[in-house]
Structure formats: structure tokens, C-alpha cells
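Chemist: The UniProt record's numbering applies: residue 1 is where the sequence shown begins, and numbers increase by one.
Built from N, CA and C at the ideal position, the CB exists for glycine as well.
All figures in this text were calculated on a predicted structure; none of them were measured in a lab.
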Amino acid sequence: MEVWAWFALPGRRRRAARSGVCASLPGAQSPCRRGNEMAAAEESASLWLEAHDDPLAGLRSFPACMALADLHGDGDHKLVVGIPRDAGGPRLTVVRGAGILTSLALPEAPAGLGAFGVTPLGGGGNLGGPGGAPALVVAAGSALYVYRNLRPFYKYSLPPQPPHPLERDLWLQAAQDQIDPLMLKEMLEDLRLLALPPPELAPFVALHKGRPLHRQTVVTCLGALPRGGPEGTPDCPVLGTEDGDVLVLDPEAFTVLCKGWVPSPPAFVVPRGPGDGRCRLALACRDGTLYGLHRTRGRGRVLAALGSRPVGLLAQDGGLLAAAAEGSLQAFTPQGRRLWVLQLPGGVAALAGGALPGRGLGAALLALETRELRLYRGRTLLCVLRTQDVVTGLCFGRYGREENTLIMTTRGGALSIRMLRRRAELGGTPGCPPPAPSPRLPLPPRTRLFVDRALREREDAPRMHGRFQRELGGLRLGAARGLARALGGGAAPAGGAPPITLTASVSREGTQNLGSLGGDGTPRCLGPYL
């Protein structure tokens with residue numbers, strides 16, 4: 001394992017060694033275009049530098065529990081990883097350089113984490129540490145845990161949910177000694193809310209029958225909502241719960257600013273539209289549906305259907321980018337209109353966002369089940385990396401004092417760090433070839449007469465249209481008067497004779513109106529009228 005400690009030394013000449021990671025240009029594995037894989041690998045290998053590879057790091061996580069943050073306000077960005085399952089239980093690990101800086105135990109498995117509360121003066125209520133350092137917020141179980149300088153600082157518990165009405169009535173009867181523990185157990189087992197052996201029933205009922213009954217929910221996702229205002233204004237934490245509730249919290253007082261509800265537990269939440277404080281959110285839920293939420297509506301509305309379980313959701317370039325587990329990348333407008341769908345060569349394991357170097361444009365990092373890592377800018381495939389294991393955790397940004405750093409954690413717990421060269425040019429090729437141009441219509445050539453009439457109609461359009469309407473009205477009036485005279489003079493055919501069907505049509509050629517009149521009937525009936 002290579003000892004790597006030059007993140008904090010930006011002026012030192014970097015040394016990088018090639019590893020078993022094979023890179024290839026997008027043309028090699030694009031579903032619509034095939035190219036030479038060997039030539040693509042040689043050309044794309046110069047884009048990335050291998051900084052660190054540790055197959056025994058033991059970091060098994062996912063993008064929602066990975067963040068790059070300047071935890072001490074000294075400009076040295078560190079990697080924070082929340083590990084849901086580990087031999088010693090859930091833990092929070094901070095990585096600096098090539099080694100683990102510290103590891104903290106968590107009471108429950110984390111559902112998400114992020115850095116909040118960056119203010120110019122470093123103050124600002126419960127969030128924001130001294131010197132402008134952000135606070136680390138970890139969502140685990142039914143609470144939010146706030147850390148300052150890697151020390152526990154504050155805990156916010158979710159408000160309890162109302163219990164089931166039948167369960168509440170049963171416990172009220174037990175508190176008044178109107179029901180025995182065995183009958184209470186049978187009725188609660190029907191609700192699947194209690195499973196205790198008979199010897200422990202009486203102590204359990206005696207312990208809890210005098211306490212208020214409530215139901216606690218758990219956090220399923222954590223996001224950030226920009227409040228708008230001057231630069232450095234802290235974002236608002238956004239929580240999604242197992243009951244479908246969505247809470248937007250005040251970063252200073254930890255009070256609920258607005259609350260909404262969606263029919264399915266949200267898995268990912270991102271802001272929808274500009275950060276102007278209007279509390280517009282987009283949520284990808286477990287049922288494979290994309291919902292939109294606004295503070296003026298308590299219930300989320302359906303924006304689009306993804307078709308399968310969501311793997312990630314990004315808000316980039318004024319739109320939404322979602323990845324589905326079956327292997328598709330989909331783009332939507334903030335209103336939910338689908339812009340395009342890109343089919344991938346395998347299932348999606350993870351999705352993360354980042355900014356392209358020197359351009360300020362958003363990019364999407366996709367980890368596939370085929371052990372590939374793809375970098376997209378819209379539908380344009382910029383680069384493909386092949387790894388030894390399936391990547392489950394992604395993070396792209398500033399690490400240490402270096403920009404454009406790619407950090408990956410695999411399913412086996414390995415940690416891999418790659419750096420994009422400063423002079424790397426990510427041109428890329430589109431994921432699919434453009435559609436073939438449609439054939440030209442066989443239009444006849446324009447004659448001199450056609451051009452003259454077209455110019456005349458363009459210049460005298462109001463006058464010509466008025467004259468046409470007057471002549472058409474006169475023609476209709478003359479036809480109506482003729483019909484009235486025929487009916488009044490008894491010129492209609494006698495009873496029993498088949499009627500005459502008259503058809504009239506008016507056509508226009510230039511400035512002239514041509515009318516034609518046709519009749520349909522037997523020769524005996526047509527005689528008097530022709």
C-alpha cells in the first residue's frame with residue numbers, strides 16, 4: 001500500500017503510479033457506438049492520477065453517507081463516511097490524507113449526513129463552528145446528531161407520531177384495569193404490535209400503562225434546502241421519514257419551518273428550482289415515483305414515474321437528474337416533464353454529482369453493477385473507469401487542498417482515491433448518435449407568378465381578406481334569397497318524388513373567387529331545375 005501524504009503540500013511535485021484500474025474512453029462501451037477499447041484505454045488513462053488505494057479500509061457506505069467538508073475551518077477538506085454496518089456497530093469515520101483521522105460510534109445506522117451552518121462569522125445558532133467551520137449533521141434512527149469539531153454538540157429528536165387508535169384505546173382500558181394482560185396481548189398480537197412471553201406480560205403492562213402512548217418514526221433521507229440571501233447563508237436541513245413526512249428545519253433554532261407528506265417513504269430529496277426560500281422540493285421515493293412538494297401544499301404531487309427503484313437524485317443546471325436501478329439515467333424539468341432517457345449497459349449501484357473543472361458545470365458520476373464508473377455531462381459520456389469491485393460509494397470535490405478529487409468505496413470496503421489532471425480535457429462523445437436528417441420535401445420550383453402573388457398578399461393582406469369576406473357574405477346572402485324564393489313559389493318537388501341534393505363550393509385563386517353548384521337526383525326531378 002502506497003503511503004500518500006501530499007494532499008497538504010500543494011507545491012510539491014506529485015507522484016502517481018498506475019494501478020489495476022483500467023480507464024477507457026466513452027466510445028469503447030457506449031451502447032450506441034463501438035470503438036477500439038485498447039486505444040481508448042491508452043488515451044483516457046492520462047486523465048486520472050492514482051493517489052491512494054487501500055483494499056482493507058473497511059469503508060462500506062453509499063453516497064448519501066459520504067461528504068467532503070472543512071471540519072476545522074483551516075482549508076483542509078476531509079472525507080466523512082458514515083458506515084451503517086460494521087463489526088463494532090455503526091460508526092462515523094473521518095479520513096484525512098491516506099489514513100483514518102478518527103472514528104466515532106453512532107447509536108444507530110446513519111441514513112445520511114452533511115455539513116451545514118457555514119457563515120462568514122462562524123456563528124449562527126446551533127450550526128456553524130468557530131472560524132467559519134461547518135457543523136456535521138448525521139441523521140440516524142429517529143434523531144439528528146450535530147457535531148462540532150468532531151464532538152457531539154446537539155441532538156434533535158423527531159416529533160412523535162400519533163399511535164394507532166385501537167392500540168390507544170386498549171392501553172387506556174389497561175390503565176383503568178378494565179382488561180387483563182392476556183386479553184391485551186391477544187388483541188395487540190392481532191395488531192402485530194407486541195410479542196412477549198407470558199411471564200413478562202404483567203410487568204410490561206404495569207410499567208407502561210401509566211405512560212403517554214406515542215409512536216416514533218425514523219429518518220430515511222437527509223437533504224439541504226438553500227434559503228436564499230447573501231452568500232454564506234446556512235442551508236436548511238430537510239428530513240424525510242418512514243411515514244412519508246417531510247420536515248424543513250430552521251438551522252439556528254431547529255424548529256419546523258414547513259411540513260409536507262408524500263405517499264411513500266422518500267429515499268432522496270433535493271431542492272427543486274432556485275434557492276429563493278420558497279421551499280420547493282423534489283423527492284424520489286421507494287415506490288419509484290418522483291414527487292414535488294411546495295410549502296403551500298401539504299401533500300406532494302406526482303411529477304413522473306421512474307419505472308423502478310431510485311438509486312440517486314441530483315439537482316443540476318436548473319433541472320433534475322434521476323438514476324433508476326434497472327439501468328437508466330433520466331432528466332426532468334423542475335415541473336416533471338421528462339427531457340430524455342439514457343439506457344446504460346448495466347444496473348446502477350450509486351449516483352453522485354460534481355462540478356467539472358474550470359467550467360462550473362454539473363456532472364453526474366454513475367457506478368454500474370458491471371464494475372464501471374461513468375462520468376456524464378448531460379447525455380454526453382466524458383469518461384469511463386473500470387474497477388476491481390462494484391463501487392457503492394462516490395464523492396467528487398475538494399479533498400485536502402486539491403480540487404477535482406474522486407473518492408470511491410467498493411462493496412468489499414476498499415477505498416480508492418483518484419485525481420483529475422489539471423490539464424485534462426474532457427471532450428466526450430454523446431451517448432447516442434444524433435438522429436439522421438429527414439429527407440427534403442419534393443417542392444416544385446417557385447415561378448415568377450407565384451412570387452409576385454406572394455408579395456402582393458403579404459403587402460395587401462388586410463384589404464384582400466376584407467374583400468374576400470364581403471364577397472363570401474354576398475354569396476351566402478344570394479343563396480339564401482334563392483332558396484326562400486324557391487320555397488315560397490312552390491317550386492319544391494311534389495310529395496313522393498326524391499329530393500334534389502345541391503352542393504355548393506367556393507374556391508379562391510389569387511383575387512378571384514370561383515363558385516360551383518352541383519345537383520344530385522333522378523333525371524325526372526332534375527329537369528325543371530337545370
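Quick one: Cα of residue 341 to Cα of residue 330, how far?
Modeler: Approximately 5 Å between the Cα atoms of the pair.
Chemist: Helix, strand or coil: which one does DSSP assign to residue 204?
Modeler: It is helical.
Chemist: Quick one: what's got a C-beta closer than 6 Å to residue 264's C-beta in the same chain, skipping five residues either side?
Modeler: Closer than 6 Å at the Cβ level, and outside the excluded window around residue 264, lie 285, 286, 287.
Chemist: So residue 469 is in the beta strand (DSSP E); what residue range does that whole segment cover?
Modeler: Taken as a continuous stretch (DSSP letters only), residue 469 belongs to no beta strand (DSSP E), being part of the alpha helix (DSSP H) at 461–488.
Chemist: Could you check what DSSP says for residue 425 in three-state terms: helix, strand or coil?
Modeler: Of the three classes helix, strand and coil, the one that applies to residue 425 here is coil, per DSSP.
Chemist: So which of 62, 267, 316 has the shortest CA-CA distance to residue 531?
Modeler: Only positions 1 to 530 of the chain appear in the structure, and residue 531 is not among them; the question remains open.
Chemist: Determine the closest residue to residue 75 out of 418, 398, 260, with distance taken between C-alpha atoms.
Modeler: The candidate whose alpha carbon is nearest that of residue 75 is 398.
Chemist: Give me, in chain order, the residues of the same chain whose beta-carbon lies closer than 8 Å to that of residue 205; leave out the 5 immediate sequence neighbours on both sides.
Modeler: Contacts found: 174, 181, 184.
Chemist: In its own chain, which residues sit with a C-beta less than 8 Å from the C-beta of residue 89, not counting the 5 before and 5 after it?
Modeler: Correct list, in chain order: 105, 106.
Chemist: Within 10 Å of its beta-carbon, does residue 92 have 16 or more other beta-carbons around it, so buried, or fewer, so exposed?
Modeler: The residue is buried, with at least 16 neighbouring Cβ atoms inside 10 Å.
Chemist: If you follow the beta strand (DSSP E) that residue 330 is part of, which residue opens it and which one closes it?
Modeler: Run containing residue 330: 328–332, per the beta strand (DSSP E) assignment.
Chemist: Taking the alpha helix (DSSP H) that residue 165 falls in, what are its first and last residues?
Modeler: Note, residue 165: alpha helix (DSSP H), 165–175.
Chemist: Closest to residue 113 by CA distance: which of 153, 143, 66 is it?
Modeler: Nearest of 153, 143, 66 to residue 113, Cα basis: 66.
Chemist: When you compare each of 165, 84, 235 to residue 117 by their alpha carbons, which one comes out closest?
Modeler: Looking at the Cα atoms, 235 is the closest of the given residues.
Chemist: Count the other CB atoms, across all protein chains shown, that sit within 10 Å of the CB of residue 312; report buried if there are 16 or more and exposed otherwise.
Modeler: Answer is buried; the Cβ neighbour count reaches 16.
Chemist: Excluding sequence positions up to five away, which residues of its chain have a Cβ less than 6 Å from the Cβ of residue 548?
Modeler: Outside the displayed span of the chain (1 to 530) sits residue 548, for which this structure offers no information.
Chemist: Mind checking which residues open and close the beta strand (DSSP E) that includes residue 316?
Modeler: Residue 316 -> beta strand (DSSP E) spans 310–316.
Chemist: Rounded to whole angstroms, what is the Cα-Cα separation between residue 51 and residue 403?
Modeler: Taking the straight line from one Cα to the other gives about 13 Å.
Chemist: Tell me the rounded alpha-carbon separation between residue 97 and residue 351.
Modeler: Rounded to the nearest angstrom, the two C-alpha atoms are 24 Å apart.
Chemist: For chain D, is any of its Cβ atoms less than 8 Å away from the one on residue 318?
Modeler: You won't find chain D in this structure, because it holds only one protein chain.
Chemist: CB-CB under 6 Å to residue 64, same chain, minus the five flanking residues each way: which ones, in chain order?
Modeler: Excluding residues within five positions, the ones whose Cβ falls inside 6 Å are 112.
Chemist: Going by alpha carbons, who is nearest to residue 82 out of 518, 109, 54?
Modeler: Comparing Cα positions, the closest option is 109.
Chemist: Check whether the Cβ atoms of residue 142 and residue 219 sit closer than 8 Å, and answer yes or no.
Modeler: Cβ atoms of residue 142 and residue 219: closer than 8 Å.
Chemist: Should residue 456 be labelled buried (16 or more other beta-carbon atoms within 10 Å of its own) or exposed?
Modeler: Flag for residue 456 reads exposed.
Chemist: Using the rule of at least 16 other Cβ atoms within 10 Å of the residue's Cβ for burial, across every protein chain shown, is residue 415 buried or exposed?
Modeler: Classification of residue 415: buried, given that the 10 Å Cβ count is 16 or more.
Chemist: For residue 531, which residues in the same chain have their Cβ closer than 8 Å to its Cβ, ignoring the five residues on either side in sequence?
Modeler: Because the chain in this structure spans residues 1 to 530, residue 531 falls outside the shown range and cannot be described.
Chemist: Leaving out five residues before and five after residue 520 in sequence, what residues of the same chain have Cβ atoms less than 6 Å from its Cβ?
Modeler: Counting only Cβ-Cβ distances below 6 Å, and skipping sequence neighbours, we find 501.
Chemist: Nearest to residue 333 by CA position, among 323, 318, 224, is which residue?
Modeler: It is 318.
Chemist: Whole angstroms are fine: how far does the CA of residue 449 sit from the CA of residue 443?
Modeler: Whole-angstrom Cα-Cα distance: 16 Å.
Chemist: Which of the three DSSP states is assigned to residue 448 in this structure?
Modeler: Here residue 448 sits in helix by DSSP.
Chemist: Could you round the C-beta distance between residue 405 and residue 417 to whole angstroms and report it? I think they count as a contact, below 8 Å.
Modeler: Right, their Cβ atoms sit about 7 Å apart.
Chemist: Which residue wins for smallest C-alpha separation from residue 249, given the options 223, 228, 266, 337?
Modeler: Out of 223, 228, 266, 337, 223 has the C-alpha closest to the C-alpha of residue 249.
Chemist: By Cβ distance, which residues of its chain are closer than 8 Å to residue 215, with the 5 residues on each side in sequence left out?
Modeler: So the list reads 160, 161, 162, 163, 164, once near-sequence residues are dropped.
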